[in-house]
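Down below is the structure, laid out as structure tokens.
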Amino acid sequence: MSSNSSLPAQALVIGGGPAGLMAAERLAAAGLRVDLYDAMPSVGRKFLLAGKGGLNLTHSEEREAFEQRFAERAQALRPWLDRLDGPALRQWAAGLGIETFVGSSGRVFPTDMKAAPLLRAWLQRLRAAGVRFHMRHRWLGWAAEGALRFAAPEGERTVPAPAALVLALGGASWPQLGSNGAWQGPLAEAGAEIAPLRAANCGFDLGPRREGAAEAGWSAFFVERWAGQPVKPVRLVFEGRSGRRFERQGEFVVTARGIEGSLVYAASALLRDEIAEFGEALLHLDLLPNHDEAQVLAEVRRPRGPRSLSTHLKSRLGIEGLKAALLYEVLDKAEIQDTERLARTLKRLPLRLAAARPVAEAISTAGGVRLECLDEHLMLCQRPGVFCAGEMLDWEAPTGGYLLTASMASGWVAGEGAAAYAKRQA
Numbered sequence: 001m002s003s004n005s006s007l008p009a010q011a012l013v014i015g016g017g018p019a020g021l022m023a024a025e026r027l028a029a030a031g032l033r034v035d036l037y038d039a040m041p042s043v044g045r046k047f048l049l050a051g052k053g054g055l056n057l058t059h060s061e062e063r064e065a066f067e068q069r070f071a072e073r074a075q076a077l078r079p080w081l082d083r084l085d086g087p088a089l090r091q092w093a094a095g096l097g098i099e100t101f102v103g104s105s106g107r108v109f110p111t112d113m114k115a116a117p118l119l120r121a122w123l124q125r126l127r128a129a130g131v132r133f134h135m136r137h138r139w140l141g142w143a144a145e146g147a148l149r150f151a152a153p154e155g156e157r158t159v160p161a162p163a164a165l166v167l168a169l170g171g172a173s174w175p176q177l178g179s180n181g182a183w184q185g186p187l188a189e190a191g192a193e194i195a196p197l198r199a200a201n202c203g204f205d206l207g208p209r210r211e212g213a214a215e216a217g218w219s220a221f222f223v224e225r226w227a228g229q230p231v232k233p234v235r236l237v238f239e240g241r242s243g244r245r246f247e248r249q250g251e252f253v254v255t256a257r258g259i260e261g262s263l264v265y266a267a268s269a270l271l272r273d274e275i276a277e278f279g280e281a282l283l284h285l286d287l288l289p290n291h292d293e294a295q296v297l298a299e300v301r302r303p304r305g306p307r308s309l310s311t312h313l314k315s316r317l318g319i320e321g322l323k324a325a326l327l328y329e330v331l332d333k334a335e336i337q338d339t340e341r342l343a344r345t346l347k348r349l350p351l352r353l354a355a356a357r358p359v360a361e362a363i364s365t366a367g368g369v370r371l372e373c374l375d376e377h378l379m380l381c382q383r384p385g386v387f388c389a390g391e392m393l394d395w396e397a398p399t400g401g402y403l404l405t406a407s408m409a410s411g412w413v414a415g416e417g418a419a420a421y422a423k424r425q426a
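Just so we're aligned, residue 1 is where the sequence shown starts under full-length UniProt numbering, counting upward by one.
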């Protein structure tokens, strides 16, 4: 896949994820000769894996609500989205022959739900534009006079310094797909300020199930019976000690060690930061989000005659299976017979979280190259001609299409910035 041309690249991109591919596209569109290097045998591996259950390309939210998903980085990312927001990304996909639709949740998917056709069409267009691909080349940093060092199949090789360089090396999640965070050393030596990489859109380990208990995690019986099963519908409420609040209805999955899944990922930044500051995070689950507290209390108090409590809860409130098991995990035998306590717990079941799962298991990472050490074109202030894009930058977003949109938008900005810089050097 790589060219044997001995001519130096006018522009070089390292990283074949969505941000890197978008940067290469913008560079080629500006008329530059572009070489793209990636550590893996093929590009877009995380992109393809993320699309296995249906490629969530972007979200149909109005622009103001969309921007707020980036929390404290919303203002900084606004110029990226001015270049490529949700509607523009759908139009871009249509240009590749990929039609999209808006799902019931507002998320946007290709009509066939697949990532591979989009990636194939994209690569075909990039090759037609002259982008040259060099696979199995892992970047090692800089050599003398700005040359780039790579670990290649034939051993270490050096590539002459290009007129402009775009780094789109990912974070440190799913390192088996190519992004392991090893770029932090060379970037720090180059003067970049780097915020520590942390898990984002991640699962959590459970702390003690009951206040004051010494043991952490689910009971062995609960894990054996319910690990891997979804809890739905449920409303998750988190009120942090620093005043931050989250409330949303959805579903999550019970794991052997704790919880994960879309609803948990949406709150993960707040939960992770709460644990970092206070040692734990306490959230509450509303197991009956379609019932108000008065209804729940009335049904729990209703005489049940000879029926067991389990049968009563199932028949009157639909509480059975995993939701019933959750009650028995947090209430002891005496507490579950207390109707007021039981009713309160059905609407506000407490879960204490002790730790976020490791970065390598997370869907994405927070932290990375601080935006404050980049200019508006995403060029490193301490290293002119070097641009950064994608997940390696210090921002985060929940799942739902926001991550992919902003990653590709950052690649667009960095690619255009690198093209302009390279032309100025000519």
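The C-beta atom is built at its ideal place from N, Cα and C for all residues, glycine as well.
These numbers come from a predicted model, not from an experiment.
Review point. Would a C-beta distance cut-off of 8 angstroms place R83 and A324 closer than the cut-off?
Key: For R83 and A324, no; Cβs fall outside 8 angstroms.
- Name the residue from E329, A281, E156, Q124 whose alpha carbon lies nearest to the alpha carbon of V223. Looking from the CA of V223, the closest CA among E329, A281, E156, Q124 belongs to E329.
Whole-angstrom distance between A28 and S3, CA atom to CA atom: Any reading at S3 needs caution, since the residue's pLDDT is 40, under 50, leaving its predicted position unreliable; the model's value is listed next. For the pair S3 and A28, the Cα-to-Cα distance works out to about 16 angstroms.
What first and last residue would you give for the alpha helix (DSSP H) that runs through residue 473?
As displayed, the chain neither begins before 1 nor continues past 426, which places residue 473 out of reach and without an answer.
Who are the Cβ neighbours of H312 in its own chain at under 6 angstroms, not counting the five residues just before and after it? Within the same chain, and ignoring the five residues on either side of H312 in sequence, the residues whose Cβ sits closer than 6 angstroms to its Cβ are R304.
Open item on the list: Please list the terminal residues of the continuous beta strand (DSSP E) segment that includes L167.
Closed with: Counting along the chain, the beta strand (DSSP E) containing L167 begins and ends at 164-167.
Close-in-space but distant-in-sequence residues of the same chain around A356 (CB under 6 angstroms, 5 per side omitted): Excluding sequence neighbours, A356 sits near A199, C202, F204, R272.
- prompt: Measuring CB to CB, does residue 454 end up less than 8 angstroms from R132?
  reply: With the chain covering only 1 through 426, there is no way to say anything about residue 454.
Are at least three pairs of beta-carbons, each pair with one atom in the region 360-371 and one in the region 173-183, less than 8 angstroms apart? They touch, by the three-pair rule.
(request) Examine the Cβ distances between the region 338-350 and the region 280-295 and report whether three or more of them are shorter than 8 angstroms. (result) The region 338-350, when compared against the region 280-295, does touch it at the 8 angstroms Cβ threshold.
| message | My assumption, with CB atoms under 8 angstroms, is that L57 sits in contact with L89. Please give the rounded CB distance. | response | Going by Cβ atoms, the distance from L57 to L89 rounds to 6 angstroms, so yes, they are a contact pair.
Looking at the unbroken alpha helix (DSSP H) that takes in E299, where does it start and where does it end?
-> Per DSSP, E299 belongs to the alpha helix (DSSP H) from 293-301.
Practice problem: Compare the Cα-Cα distances from S104 to each of A143, A129, H59 and report the closest residue. | Solution: Residue H59 holds the alpha-carbon nearest to the alpha-carbon of S104 among A143, A129, H59.
Nearest neighbour of G240, chosen from A220, L270, V264, V234 [CA to CA]: With distances taken between Cα atoms, G240 lies closest to L270.
### Message
If you follow the beta strand (DSSP E) that S364 is in, where does it begin and where does it stop?
### Response
Its beta strand (DSSP E) spans residues 364-369.
- What is the C-beta distance between P41 and M113, in whole angstroms, given that I count them as a contact (C-beta under 8 angstroms)? Between M113 and P41 the Cβ distance is about 25 angstroms, and since that is not below 8 angstroms, they are no contact.
| task | Let me know the secondary structure DSSP gives M379 once reduced to three states. | result | In the structure shown, the three-state DSSP call for M379 is strand.
Query raised in the report: In this structure, what does DSSP give as the bridge partners for R149?
Result: According to DSSP, R149 bridges with G141, T158.
Alpha carbons only, please: which of S219, S173, E193, I275 is nearest the one belonging to E396?
Minimum Cα-Cα distance from E396 among the listed residues S219, S173, E193, I275 corresponds to S173.
Check whether the Cβ atoms of G20 and G390 lie closer than 8 angstroms to each other.
Yes, Cβ-Cβ distance for G20 and G390 is below 8 angstroms.
Buried or exposed (CB count within 10 angstroms, at least 16 for buried), D332 = By the 10 Å Cβ count, D332 comes out exposed.
If you reduce the DSSP assignment to three classes, tell me which class C388 lands in.
Annotated three-state conformation of C388 is strand, per DSSP.
On the CB-based measure, 16 or more other CB atoms within 10 Å of its CB, does F221 come out buried or exposed? F221 comes out exposed.
Handout entry: Where the alpha helix (DSSP H) containing F222 begins and where it ends
Key = For F222, the enclosing alpha helix (DSSP H) starts and ends at 220-226.
| message | For C388 and G53, I'd like the C-alpha separation in whole angstroms. | response | Distance between the alpha carbons of C388 and G53: 29 angstroms.
Notebook entry, point to check: Mind checking whether L126 and E25 have CB atoms under 8 angstroms apart?
Noted result: In this structure, E25 lies closer than 8 angstroms to L126 by Cβ.
Check whether A130 and V34 have beta carbons under 8 angstroms apart
Reading off the sequence shown, one finds Gly at residue 130, where the question assumed Ala. Cβ atoms of G130 and V34: closer than 8 angstroms.
| Exposed or buried, what is P384 when buried is set at 16 or more other beta-carbons lying within 10 Å of its beta-carbon? | P384 comes out exposed.
Q. So the alpha helix (DSSP H) P208 belongs to, where does it begin and stop?
A. Segment: none, P208 is in no alpha helix (DSSP H) and carries neither H nor E.
Proximal residues to M1 (C-beta, below 6 angstroms), its chain only, five neighbours per side dropped: For M1, the predicted model reports a pLDDT of 43, less than 50, meaning its position is unreliable and no value from the coordinates is stated.
Quiz item: Taking C-beta to C-beta, are P110 and A93 nearer than 8 angstroms?
Solution: Yes.
_Would you call the region 374-384 in contact with the region 410-417, where contact means no fewer than 3 C-beta pairs closer than 8 angstroms?_
The region 374-384 vs the region 410-417: in contact.
Query raised in the report: Contact check, R370 vs I194 under 8 angstroms by CB: the rounded distance?
Result: With a Cβ gap of about 7 angstroms, R370 and I194 count as contacting.
* Buried or exposed for L55, please, with buried defined as at least 16 other CB atoms from any protein chain shown within 10 angstroms of its CB. => Classification for L55: buried.
* **For G258, three-class secondary structure by DSSP** => The three-state reading of DSSP puts G258 in strand, counting E and B together.
| request: Could you check the C-alpha separation between A30 and L169 for me, to the nearest Å? | output: Counting only the Cα atoms, L169 lies some 22 angstroms from A30.
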